[in-house]
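Comments concern the structure below.
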Amino acid sequence: MPLVAHTDLPTFQRLREEGQDVLSVERAARQDIREMHVGLLNMMPDAALEATERQFFRLVGGANPIVQFHMHPFTIDGLPRGEQAAEHIARYYESFDRIREEGLDGLIVSGANVTQPHLQQEQFWQPLTEVFDWARSNVTSILCSCLATHALFQYSYGVERTHLGFKRWGVYSHRVVEPLHPLVADINTRFDVPHSRYNEIFREDMEAAGLRVLVESEEAGVHLAVSPDLFRVVYFQAHPEYDTVSLLKEYKREILRYYSGEREDYPPFPEHYFSLEVGAALNDYGQALRSARRAGKAPPEFPEEFVLRHLDNTWRDTAKAVFNNWLGKIYQITDQDRRKPFMAHIDPDNPLGLA
1448 MPLVAHTDLP TFQRLREEGQ DVLSVERAAR QDIREMHVGL LNMMPDAALE ATERQFFRLV
1508 GGANPIVQFH MHPFTIDGLP RGEQAAEHIA RYYESFDRIR EEGLDGLIVS GANVTQPHLQ
1568 QEQFWQPLTE VFDWARSNVT SILCSCLATH ALFQYSYGVE RTHLGFKRWG VYSHRVVEPL
1628 HPLVADINTR FDVPHSRYNE IFREDMEAAG LRVLVESEEA GVHLAVSPDL FRVVYFQAHP
1688 EYDTVSLLKE YKREILRYYS GEREDYPPFP EHYFSLEVGA ALNDYGQALR SARRAGKAPP
1748 EFPEEFVLRH LDNTWRDTAK AVFNNWLGKI YQITDQDRRK PFMAHIDPDN PLGLA
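The opening position of the sequence shown corresponds to residue 1448 in our numbering, with each subsequent residue numbered one higher.
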């Protein structure tokens, strides 16, 4: 929770100038310790549905321990579901109608698998835009992940993402470029984030639309940006929510696709993810798998245990810090009635007083 400047000690002003969150006595008096309601629009396919719940719930739950977080998962039409996933959703998820009626303080929108060349051709496009329209007027802040970032950016500014011609896949070093913004206050100035995507919104496109870029990678592009008001929409182009093993699962899935003939080339390693020792072991495994495929034999056993012992997570602490900052700012400006996005004195076009 933030400091309260209850005296005119110069240190308080110095900390403000450094980007530290310091409340005035008057502003602090308006705040009550209370619960927060955070929605998760989960659009991920069946195999990743529950893992995505855990990943985002974990980041929210790892934030400020004083606040009580109520999570509200829901999904939309236009996403193919098998029987097991459909049962899970029917039993545990809320409807968007209920979400819309009862309100949210914050909304997280996950990525999704796509099948069409343009997002507006996807069956989920219209239901997704209905959620966007409602949330932009009724939710304090929307946090978008990867595909959701591309979709909301296109819907808001009419600019489609660009296909890279290859898969941006791995763990990349990033640098904070706007250190005074509250979302990146008190986090490492350089840190890693996983990416997994074929498409990109470039910095030039974001800045032309008035977005403010906060974190980027020389190799992987923009990771974190915010809407022109500096808070109402938070755009993640990478996957800070990923577990340590998420990229490994993707890699194994691509290996099986190669073995079954669904892809012609043997999948490359996710960049900057495997150690030299793991790379050597997986090269040997790849040779054995290719030989088995040519001979029509069963695939060799994947060296799972060895690989898991050598995987490192170099992004989780920073991800938690950014989520903590995001939820903390929502807490300070959202109304106690979660059907209202802001306290009465907050300017919706400049909610943090920074724009």
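Backbone N, C-alpha and C fix where the C-beta goes; we use that ideal spot for every residue, glycine too.
Among L1566, G1525, F1521 and A1791, nearest to R1538 - alpha-carbon criterion: Out of L1566, G1525, F1521 and A1791, F1521 has the C-alpha closest to the C-alpha of R1538.
Beta carbon of M1490 nearer than 9 Å to that of A1582: no
Buried or exposed: G1553, going by 16 or more other Cβ atoms within 10 Å of its Cβ? buried
Could you tell me which whole beta strand (DSSP E) segments of length 3 or greater appear in the region 1470 to 1543? 1482 to 1488 and 1515 to 1521
What would DSSP say about W1762, mapped onto helix, strand or coil? coil
Go through its chain and collect everything with a Cβ distance to N1797's Cβ below 8 Å, but skip five positions before and after it. D1676 and L1677
Spatial distance of A1742 from P1527 (CA atoms): The alpha-carbon atoms of A1742 and P1527 are separated by roughly 35 Å.
Taking the C-alpha atoms as reference points, what is the distance between V1640 and V1769? 12 Å
Between the Cα of P1626 and those of R1463, Y1732 and K1744, spot the shortest distance and give me the residue it belongs to. R1463
Whose C-alpha, out of E1748, L1729, F1753 and H1686, is nearest the C-alpha of L1506? Of the candidates E1748, L1729, F1753 and H1686, the residue whose Cα lies closest to the Cα of L1506 is H1686.
Go ahead and pull the three-state DSSP assignment for P1564. Coil at P1564, not helix or strand.
To test your reading of the DSSP string, which unbroken alpha helix (DSSP H) runs of 4 or more residues are found completely within the region 1704 to 1757? 1723 to 1742 and 1751 to 1756
Provide the residue span of the beta strand (DSSP E) that contains R1622, from first to last. T1609 to V1623
Among A1632, V1618 and L1611, which residue has its Cα nearest to the Cα of V1624? A1632
Length-filtered (3 minimum) beta strand (DSSP E) runs lying within the region 1657 to 1698: 1659 to 1664, 1668 to 1673 and 1680 to 1683
Check whether the Cβ atoms of H1792 and R1477 sit closer than 9 Å, and answer yes or no. yes
In the DSSP assignment, the beta strand (DSSP E) including V1556 goes from what residue to what residue? Taken as a continuous stretch (DSSP letters only), the beta strand (DSSP E) holding V1556 covers G1553 to V1556.
Would you tell me roughly how many angstroms separate the C-alpha atoms of Q1502 and S1620, rounded to the nearest one? 21 Å
How about R1659 and C1593: are their beta carbons less than 9 Å apart? No, Cβ-Cβ distance for R1659 and C1593 is not below 9 Å.
Cβ atoms of G1617 and E1497: under 9 Å apart, would you say? Result no, Cβ atoms of E1497 and G1617 do not sit closer than 9 Å.
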